[in-house]
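**Student:**
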Amino acid sequence: MNNARYHASRFTRRALTLAVAAGLSAGVVANSHAELTGFYEGETLEILTPWAPGGGADTWARYIAATIGPFLGDDVGVQVVNRPGAGGVQGTNEFELRTASDGMTVMLQSAGQVFPFMYGSSAVRYDFRDYEPIVAMAQGGVIYASADLGIEEPLELWDVDELIYGEVSPQAIGSMALAAFALLDLPHDAIFGYESRGPTRLALEQGETNLDFQTTSAYTSNVQPLVEEGTAVPLFSLGIIDTDGELVRDPAFPDMPTVAEVYEERHGEAPSGVAWDAYRAVLSAGSIKMVWAKADAPEDSINDLHYAFEQARQDEDFLADSEEANGPYEWLVGDDAYTAMSATLDISDEALDYLRDTFKERYDADL
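Residue numbers (this note's numbering): 480 to 846.
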């Protein structure tokens, strides 16, 4: 990883742990964000958001803008600045090439920028590993099927004669589902070219497809009513990457098995190897929203951003509002945010080759 401050902050925290373990005062080792410096007081922090207003990532950015100001100090303004284009790549390139490293602008990350980065697109001018991780949130999703298939459990999928899945493109957010199907070696056909995940849901309702994926918010608002009326059947969640970088059950669907549990039930052992590494990389690329700062921004700006989100995630009112707006998902700050993304950011050449070969073989798609 090419982020000097990130390494330094991790070193500081390891040193603090060792000092405490040795019986030394915690004050001997400085905490990287022990208190607010007031860097943003009387100023306005901009969140560069590389999409048009109204989408999921923009909505998350606007939630942050509406709530984090008081945690940054007195009279702090926070506003979203939209820079849409090229699926998020254009605005992120602007952040890399044109945005000053003065701490006054941070950048929002979602799936649209990450997949081109992960697959080495020539249009990408940025490298997330060169930035400072501020805060992240992983939001999951559900694989579900048409009730017309007559199945109730995930393992019954392998008894279906023809599974048809609808998708936008091999690099869209729904490619998390494609990577899950590859891990599970689930036979299916895929139809590409849908405008978004809303039309893929409608395709299942109209009988064009019989297998679909929706993110948590879309599933809760649009698919759960179909489940209740008996026209759709939930099967498994994609899972969530936790602060240790491990796949765990989605807190929005605590009673639903993850793709890893389905794999283990079918094969008698936990998933491992290159297909598992590839799945985790695609999952973190598609499911995690994140805020990054320039690595060479002023130390006090990084300190205050980390401090603000640390305080926010301990505030009962903030957490209650966040659960209502974003679902029951944890705010991951600093090192925890990077760890959640590490499967993507540190993906191996073997896992990338597996994804390219698999998508080419299954869907005749070039990544």
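C-beta atoms are modelled at their ideal positions from N, C-alpha and C, and glycine is treated no differently. In this text the structure is predicted, and so the values were computed from the model without any measurement.
Closest to Leu-726 by CA distance: which of Thr-737, Pro-733, Phe-732 is it?
**Tutor:** Here residue 726 refers to the residue found at position 247 when the sequence shown is read from its first residue. When each option's Cα is compared against that of Leu-726, the closest is Thr-737.
**Student:** Given that a residue counts as buried once 16 or more other Cβ atoms are within 10 Å of its Cβ, and exposed if not, what is His-746?
**Tutor:** Within the sequence shown, the letter at position 267 stands for residue 746. With fewer than 16 Cβ atoms within 10 Å of its Cβ, His-746 is classed as exposed.
**Student:** Would the beta-carbon of Tyr-610 fall within 8 angstroms of that of Lys-773?
**Tutor:** The count along the sequence shown starts at 1 and reaches residue 610 at position 131. The count along the sequence shown starts at 1 and reaches residue 773 at position 294. Contact: yes.
**Student:** Identify whether Glu-743 lies in helix, strand or coil by the three-state DSSP scheme.
**Tutor:** Mapped onto the sequence shown, residue 743 falls at position 264. Glu-743: helix per DSSP, three-state reduction.
**Student:** Verify whether the separation of the beta carbon atoms of Ile-526 and Val-555 is less than 8 angstroms.
**Tutor:** Start at 1 with the first residue of the sequence shown, and residue 526 comes out as number 47. Start at 1 with the first residue of the sequence shown, and residue 555 comes out as number 76. No.
**Student:** Smallest Cα separation from Gly-599: which of Glu-707, Ser-648, Asp-828, Leu-642?
**Tutor:** Residue mapping note: residue 599 aligns to position 120 of the sequence shown, counting from 1. The shortest Cα separation from Gly-599 among Glu-707, Ser-648, Asp-828, Leu-642 belongs to Asp-828.
**Student:** Could you tell me which of Leu-762, Asp-723, Asp-668 sits nearest to Ala-739, measuring between CA atoms?
**Tutor:** Indexing the sequence shown from 1 puts residue 739 at position 260. Residue Leu-762 is the option with its Cα nearest to Ala-739.
**Student:** Return helix, strand or coil for Met-864, following the three-state DSSP convention.
**Tutor:** There is simply no residue 864 to check, as the chain begins at 480 and stops at 846 in what is shown.
**Student:** With the cut-off set at 8 angstroms, would you say Ala-804 and Phe-797 are in Cβ contact?
**Tutor:** Within the sequence shown, numbered from 1, the residue matching residue 804 stands at position 325. Within the sequence shown, numbered from 1, the residue matching residue 797 stands at position 318. Cβ distance not < 8 angstroms, so Ala-804 and Phe-797 don't count as in contact.
**Student:** Using 8 angstroms for Cβ pairs, my map puts Pro-807 next to Pro-730. What's the rounded Cβ distance?
**Tutor:** Working through the sequence shown from its first residue, we reach residue 807 at position 328. Working through the sequence shown from its first residue, we reach residue 730 at position 251. Confirmed, about 4 angstroms.
**Student:** If distances are taken between C-alpha atoms only, which option among Pro-666, Met-583, Ala-711, Ser-675 comes closest to Gly-686?
**Tutor:** As a first step, residue 686 must be located in the sequence shown, where it is residue number 207. Here the closest residue by C-alpha is Ala-711.
**Student:** Would Gly-517 and Gly-570 qualify as a contact pair, given that the criterion is a beta-carbon distance under 8 angstroms?
**Tutor:** Position 38 of the sequence shown, counted from the start, is the residue given in the question as residue 517. Position 91 of the sequence shown, counted from the start, is the residue given in the question as residue 570. No, the Cβ-Cβ distance between Gly-517 and Gly-570 is not below 8 angstroms.
**Student:** Take the Cβ of Gln-650 as the centre, count every other Cβ of all protein chains shown within 10 Å, and call the residue buried at 16 or more, exposed below.
**Tutor:** Here residue 650 corresponds to residue number 171 of the sequence shown, with the count starting at 1. Its Cβ being crowded by 16 or more others within 10 Å, Gln-650 is buried.
**Student:** Quick check on the burial criterion: 16 or more other C-beta atoms within 10 angstroms. Buried or exposed for Ile-826?
**Tutor:** Taking the sequence shown and counting its residues from 1, the one referred to as residue 826 is at position 347. Answer is buried; the Cβ neighbour count reaches 16.
**Student:** Going by C-alpha distance, which of Val-741, Pro-529, Ala-615, Gly-582 is nearest Thr-722?
**Tutor:** Taking the sequence shown and counting its residues from 1, one reaches residue 722 at position 243. Looking at the Cα atoms, Ala-615 is the closest of the given residues.
**Student:** Closer than 7 angstroms by C-beta to Ser-648: which residues in its own chain qualify, once you throw out the five before and the five after it? Chain order, please.
**Tutor:** As a first step, residue 648 is located in the sequence shown; it is residue number 169 there, counting from the start. Once the five neighbours on either side are set aside, the close Cβ partners of Ser-648 are Phe-671.
**Student:** Which partner residues does Thr-523 have in the DSSP bridge list?
**Tutor:** Reading the sequence shown from its first residue, position 44 is the one you call residue 523. In the DSSP output, where bridge partners are listed per residue, Thr-523 has Gly-556.
**Student:** To which residues of the same chain is Ala-799 closer than 6 angstroms at the C-beta, ignoring the five residues directly before and after it?
**Tutor:** In the sequence shown, the residue the question calls residue 799 occupies position 320. Cβ neighbours of Ala-799 beyond the five flanking positions: none.
**Student:** Give the secondary structure of Ala-505 by DSSP, where H, G and I count as helix, E and B as strand, and everything else as coil.
**Tutor:** The sequence position of residue 505 within the sequence shown is 26, counting from 1. Only weak support is given to the placement of Ala-505: the predicted model assigns it a pLDDT of 36, under 50, and the question is left unresolved by the model.
**Student:** Is Ala-764 near Thr-823, with beta carbons less than 8 angstroms apart?
**Tutor:** Indexing the sequence shown from 1 puts residue 764 at position 285. Indexing the sequence shown from 1 puts residue 823 at position 344. Going by C-beta atoms, Ala-764 is nearer than 8 angstroms to Thr-823.
**Student:** Using only CA atoms, which one of Pro-612, Tyr-758, Gly-567 lies nearest to Thr-837?
**Tutor:** Residue numbering aside, residue 837 sits at position 358 when the sequence shown is read from its first letter. Per the Cα distances, Tyr-758.
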